[in-house]
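J.: My questions all concern the structure below.
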Amino acid sequence: MFTELSPKYRALDIDTVVDYVRSRPELLEIFREGEDLEAVEVGDGNLNLVFKVWAKADRRRTVVLKQALPYVRLVGESWPMPADRARIEAQALEVEYRLVPQHTPRTYFYDPDMYLIAMQNLDDHIIMRKGLIQGIKYPHFAEHIGLFLARTLGGTSDLMLDYRTKKLEVARFINPELCKITEDLIFTEPYRRTERNAFHKELEPQVLALQADDDLRVEVAQMKEKFMTHAQALIHGDLHTGSIMVNQTDTYVIDPEFAFYGPMGFDIGAVIGNLFLNYAAHEVRTKDPDQRADFRKYLTDTVIDLWKVFEREFNSFVWSQVDPINMPPAYQRDYMVRLLQDTAGLGACKMMRRVIGLAGVVDIRGIEDVHERAIAGSLALHIGVALIKRRREMQTIEDLVAIATECRPTYPWKE
Ligand code: ADP
Ligand code: MG
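The numbering used here puts the first residue of the sequence shown at 9, with every later residue one more than the last.
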């Protein structure tokens, strides 16, 4: 079914990884020949092996190795997955590094026999989702991610690439098996009864009502069609807050193994949808009303700011370069409004599946009390439904935020 696994492939472990590092001449700019190295396996991801290796004498000299397994790590060999996805990830990191080096981990090399990427260790950053759950604000995030989105999406689209390069890039990033995961887990399974759905019984009445909503399923089908057919730009494909590493000064986007040519709104919507999932979680996570309102204002301001930065950067990086006869200003304005509406609809699908489907987010699934968890889940579902159903009303990012923030949880469920 998949491309053959290289005969030279072997999965590394904590004992073999050090010898592997020593065998790579590319890493001699970090490590000295023969010096003592220390390694750990990180292992909080769902799909792959991630090792961190340090020089014992100086922990600032370090590298991260990410290796694909021929199956889904979390589930095991019963769920095969092409290891070649590491090539897609390495190619995407290369494109992103070319367009926005300040927000992309540096890659030292890609090993096609081992399906392994050696990259910069971002240890002085944390996964953004963890920070947001603790109520930590990242003042530069909107500026950084807005720029990342404008450059990576604009710079890989037909708006910027010549006709042939674009098509060759589409071919180089064909990623059917990982797209299929998204098609199933995000656009299909949450809207029907399946064993893989994983919502808890307190939420069942609301989930059943949502699944019985014919109008909603029409909207979701439109979003799925867009995901499958709209080869607009090279998208990251999994740009949730667990794929972003931050601190108070920097922002890095990691893990683009789901990259392919798809709709830009899927990436922007992933970021915004995950900020709203966190917004919903703080309904119960932050008990003090003033503190909650304050953090939520940070989240909604971030949504507004990141879109505005995206627009500003898209103007200077893309629209100022295009032919104004083929693409007059009114077309450009219409393009941005359609993109905003895609963002709302695709982001909504990302939100709903995180409550109903197989892979949840810790923001919500990590809430211990089941009733509190149901309150947060209920709110997240209402925001998702409102964003997808009312997306055609949206002309500005403020419209999107107003529609989301009008929503309230309904738990216990009432029709
Ligand atoms: P997966 O594709 O299996 O989900 P990720 O790329 O998300 O793997 O990586 C899993 C975890 O490893 C991340 O959540 C993060 O904690 C850590 N990690 C990944 N890349 C780096 C890096 N360059 N620097 C530091 N930590 C990293
Ligand atoms: Mg991943």
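The C-beta atom is built at its ideal place from N, Cα and C for all residues, glycine as well. It should be emphasised that the depicted structure is a prediction, and the values quoted were computed from it without experimental measurement.
Consider the C-beta atom of V58 and the heavy atoms of the ligand ADP; say whether any pair is separated by less than 7 angstroms.
T.: Yes, Cβ of V58 sits closer than 7 angstroms to a heavy atom of the ligand ADP.
J.: What did DSSP end up calling M89 once you bin it into helix, strand or coil?
T.: Coil at M89, not helix or strand.
J.: Flag this pair as touching only if the stretch 331 to 341 and the stretch 241 to 252 have three or more C-beta atom pairs under 8 angstroms; answer yes or no.
T.: In short, these stretches do not touch, since the Cβ pair count stays below three.
J.: Taking 7 angstroms as the cut-off, is the beta-carbon of M127 closer than that to any non-hydrogen atom of the ligand ADP?
T.: Within the cutoff, so yes.
J.: Give a yes or no on whether the C-beta atoms belonging to I383 and Y419 are separated by under 8 angstroms.
T.: Yes, Cβ-Cβ distance for I383 and Y419 is below 8 angstroms.
J.: Please name the residue, chosen from L55, A150 and L73, that lies closest to V29 on a Cα-to-Cα basis.
T.: Of the candidates L55, A150 and L73, the one whose C-alpha sits nearest the C-alpha of V29 is L73.
J.: Tell me which same chain residues have a C-beta within less than 6 angstroms of the C-beta of E49, skipping the five on either side of it?
T.: Closer than 6 angstroms at the Cβ level, and outside the excluded window around E49, lie I22 and F59.
J.: From the DSSP output, read off the bridge partner residues of M253.
T.: Per DSSP, I135 and Y260.
J.: In terms of alpha-carbon separation, which member of K295, E104, G84 and R68 lies closest to A267?
T.: It is E104.
J.: Between H111, K234, Y116 and V393, which lies nearest to P198 when the distance is taken from Cα to Cα?
T.: Nearest of H111, K234, Y116 and V393 to P198, Cα basis: V393.
J.: Can you tell me which of the three DSSP states E151 falls into?
T.: Reduced to three states, the DSSP call for E151 is helix.
J.: What does DSSP give as the partner residues of K425 in its beta bridges?
T.: Here the chain covers residues 9 to 423 and nothing more, so residue 425 does not appear.
J.: Quickly, what does DSSP pair L425 with across the bridge? List them, please.
T.: Here the chain covers residues 9 to 423 and nothing more, so residue 425 does not appear.
J.: Using 8 angstroms for Cβ pairs, my map puts F274 next to L354. What's the rounded Cβ distance?
T.: Contact flag correct, Cβ pair sits at about 5 angstroms.
J.: Please report the residue range of the beta strand (DSSP E) in which F117 lies.
T.: Taken as a continuous stretch (DSSP letters only), the beta strand (DSSP E) holding F117 covers T115 to D119.
J.: Among the candidates Y146, A229 and I262, whose CA atom is the shortest distance from the CA of T310?
T.: Among Y146, A229 and I262, the Cα nearest to that of T310 is on Y146.
J.: For A98 and E265, I'd like the C-alpha separation in whole angstroms.
T.: Going from the Cα of A98 to the Cα of E265 covers about 8 angstroms.
J.: Measure the alpha-carbon distance for D222 versus L211 and round it to whole angstroms.
T.: Distance between the alpha carbons of D222 and L211: 19 angstroms.
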